[in-house]
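Enquirer: Pasting a structure here, questions to come.
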Amino acid sequence: MLNRIYALAKKEVRQLKRDTRMLLIIFLFPVLLLVIFGYAINFDVHHIKIAIYDRDKSEDTRAFINTLTSSSYFDLVGSINSSSQIKKYLDEQIAQAVIVFPEDMSRNLNSKKDTRLQILIDGVNGNTATLIMNYLNLATMTYSQGFSGKVLALTGRGGTYVPVDLEPVFWYNPSLDSRYFLIPGLIAMIMIITAVISISLSIVREKELGTIEQINVSPLSSIELILGKTVPYAVISLLVAVFILISGYFLFSMPIKGNLILLFLTTLVFIFASLSLGIFVSSVATNQQVAFQMASLISMLPSVILSGFIFPIESMPAFIQLLSNITPAKFYIIILRSILLKGVGLEAFWPQVIYLFIFSAIFLGLATLRNRKMKTV
Numbered sequence: 009m010l011n012r013i014y015a016l017a018k019k020e021v022r023q024l025k026r027d028t029r030m031l032l033i034i035f036l037f038p039v040l041l042l043v044i045f046g047y048a049i050n051f052d053v054h055h056i057k058i059a060i061y062d063r064d065k066s067e068d069t070r071a072f073i074n075t076l077t078s079s080s081y082f083d084l085v086g087s088i089n090s091s092s093q094i095k096k097y098l099d100e101q102i103a104q105a106v107i108v109f110p111e112d113m114s115r116n117l118n119s120k121k122d123t124r125l126q127i128l129i130d131g132v133n134g135n136t137a138t139l140i141m142n143y144l145n146l147a148t149m150t151y152s153q154g155f156s157g158k159v160l161a162l163t164g165r166g167g168t169y170v171p172v173d174l175e176p177v178f179w180y181n182p183s184l185d186s187r188y189f190l191i192p193g194l195i196a197m198i199m200i201i202t203a204v205i206s207i208s209l210s211i212v213r214e215k216e217l218g219t220i221e222q223i224n225v226s227p228l229s230s231i232e233l234i235l236g237k238t239v240p241y242a243v244i245s246l247l248v249a250v251f252i253l254i255s256g257y258f259l260f261s262m263p264i265k266g267n268l269i270l271l272f273l274t275t276l277v278f279i280f281a282s283l284s285l286g287i288f289v290s291s292v293a294t295n296q297q298v299a300f301q302m303a304s305l306i307s308m309l310p311s312v313i314l315s316g317f318i319f320p321i322e323s324m325p326a327f328i329q330l331l332s333n334i335t336p337a338k339f340y341i342i343i344l345r346s347i348l349l350k351g352v353g354l355e356a357f358w359p360q361v362i363y364l365f366i367f368s369a370i371f372l373g374l375a376t377l378r379n380r381k382m383k384t385v
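Going by the numbering used here, the sequence shown wraps up at 385, each residue one higher than the last.
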């Protein structure tokens with residue numbers, strides 16, 4: 009059995025060596041995807057366009073405006089002189105937010121009275137609008153604390169002017185850099201696409217060339233055929249995974265806080281789960297075009313939409329959360345984020361590893377049954 013598997017794997021490696029285009033796709037396509045998505049997908053919002061309607065025109069309002077524009081998050085695009093201009097700024101997208109300072113802001117601040125700022129935000133893009141609101145809330149709180157300290161110093165009194173003192177502490181990603189959240193998902197998506205497409209096209213190519221008939225009449229069993237086809241692509245996928253991780257580390261300073269051996273072993277399990285999905289596709293598809301379309305659909309869409317890569321699974325309806333279990337990328341992303349960002353061990357994600365084993369067994373079993381059925385026809 010081992011000799012037959014070795015012979016088939018050796019044939020597959022020689023065939024890959026001759027197919028330079030396939031090798032280029034396997035090794036260059038993942039890095040291209042990583043670079044494009046890594047730089048293009050970013051949930052951090054910078055250079056928010058704001059307009060100011062300053063009805064107070066005091067030193068305090070100017071100090072608040074300077075606090076906003078001194079960072080890269082806000083760009084001042086105009087000053088409004090009347091309330092009728094606000095609609096124009098938001099309708100024509102000249103500004104994403106308009107801040108209205110009340111007439112008595114400075115007087116209220118210096119007399120320790122509450123004052124309110126009105127912030128009008130373009131809410132077409134809900135996620136961006138929420139981020140703008142959070143940034144402005146943080147800027148307002150920072151300015152309020154600084155102003156209260158100045159007032160207490162001038163009056164010579166102790167105590168505090170701010171009723172609640174917040175000190176946020178962020179674990180695992182102190183800078184709140186969204187790339188650290190996205191890159192593990194990118195890695196999982198690229199790996200599953202590469203593995204599923206490459207193995208499915210390889211087996212279907214045998215059907216188109218007619219060599220699958222020679223393999224079927226050989227002493228190879230279905231299990232031996234699957235293992236012989238899987239091992240070379242498992243090694244290649246593992247090399248691609250290492251390549252992607254190194255690229256993510258140097259291009260985006262992706263941290264690797266956890267155990268590298270554990271990362272290697274769990275990646276290997278995920279690769280076999282992805283390859284088992286590709287083998288199942290190849291057992292159903294009749295030609296390379298159909299195999300490519302099926303492999304792309306079954307690997308890319310679920311790994312982007314249902315894996316938690318971009319959209320939080322907790323926010324999805326219960327039925328969709330249940331449906332998200334169809335992709336192994338969901339569980340591998342949890343593993344990657346746990347190892348790379350949190351530096352935790354197997355005790356934190358062992359259910360995900362078990363699922364990957366179950367997933368591999370199910371689809372390899374289905375592919376084996378399909379191949380046996382084809383042999384008897």
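All residues carry an ideal CB built from backbone N, CA and C; glycine is no exception.
(1) Please look up how many angstroms separate the CB atoms of residue 105 and residue 85, rounded, as I've assumed it's under 8 Å.
(2) Use the C-beta contact count for residue 193: other C-beta atoms within 10 angstroms, 16 or more gives buried, fewer gives exposed.
(3) Would residue 336 pass as a contact of residue 281 if the rule is Cβ separation under 7 Å?
(4) Secondary structure at residue 65, three-state DSSP: helix, strand or coil?
(5) Measuring CB to CB, does residue 287 end up less than 7 Å from residue 207?
(6) Leaving aside the five residues before and after residue 164 along the sequence, list all residues of the same chain whose C-beta is less than 7 Å from its C-beta, in chain order.
(7) Are the CB atoms of residue 237 and residue 201 nearer to each other than 7 Å?
(8) Taking the straight line between their C-alpha atoms, what separation do you get for residue 56 and residue 93?
(9) So the candidates are 342, 329, 377, 271; which of them puts its Cα closest to the Cα of residue 292?
(10) How about the stretch 260-279 and the stretch 336-347: do they share at least three Cβ pairs that are nearer than 8 Å?
(11) Among the residues of its own chain, which have a CB less than 8 Å from the CB of residue 74, if the five just before and after it don't count?
(12) According to the Cβ coordinates, are residue 191 and residue 256 closer than 7 Å?
(13) For residue 7, which option in 283, 296, 64 has the closest C-alpha, if you only look at C-alpha atoms?
(14) When DSSP labels each residue in this structure, what does residue 105 get in the three-state scheme?
(15) Drop a sphere of 10 angstroms on the beta-carbon of residue 307, count the other beta-carbons inside from all chains shown, and report buried for 16 or more, exposed for fewer.
(16) What do you reckon, are the CB atoms on residue 127 and residue 137 nearer than 7 Å?
(17) Between the stretch 236-252 and the stretch 273-280, are three or more C-beta pairs nearer than 8 Å?
(18) So is residue 285 buried or exposed if we call it buried at 16+ other beta carbons inside 10 Å?
(19) Between residue 357 and residue 342, is the Cβ-Cβ spacing less than 7 Å?
(20) What three-state label does DSSP hand residue 265 in the structure shown?
(21) Just how far apart, CA to CA, sit residue 242 and residue 279?
(22) Does the separation of the CB atoms of residue 13 and residue 235 fall below 7 Å?
(23) Is it buried or exposed, residue 53, if we count other Cβ atoms within 10 angstroms and call 16 or more buried?
(24) Mind the definition here: the stretch 110-124 touches the stretch 136-151 only if three or more C-beta pairs lie below 8 Å; say whether that holds.
(25) Going along the chain, which unbroken runs of the alpha helix (DSSP H) with 4 or more residues stay wholly within the stretch 348-377?
(26) From 339, 338, 314, pick the residue whose C-alpha is nearest to that of residue 328; which is it?
(27) Compute the beta-carbon to beta-carbon distance between residue 63 and residue 111, rounded to the nearest angstrom, for a pair I have assumed lies under 8 Å.
(28) Taking the beta carbon of residue 67 as the centre, do at least 16 other beta carbons fall within 10 Å, making it buried, or is it exposed?
Expert: Quick answer:
(1) Not quite, the Cβ-Cβ distance comes to about 10 Å (not below 8 Å), so this is no contact.
(2) buried
(3) yes
(4) coil
(5) yes
(6) Confidence at residue 164 is low in this model, with a pLDDT of 45, below 50, so its placement is unreliable and the value that follows should be read with caution. Nothing listed; no residue qualifies.
(7) no
(8) 19 Å
(9) 377
(10) yes
(11) none
(12) yes
(13) Past the boundaries of the shown model lies residue 7; the chain is included only from 9 to 385, so the question cannot be answered.
(14) strand
(15) buried
(16) no
(17) yes
(18) buried
(19) yes
(20) coil
(21) 6 Å
(22) yes
(23) buried
(24) no
(25) none
(26) 314
(27) 5 Å
(28) exposed
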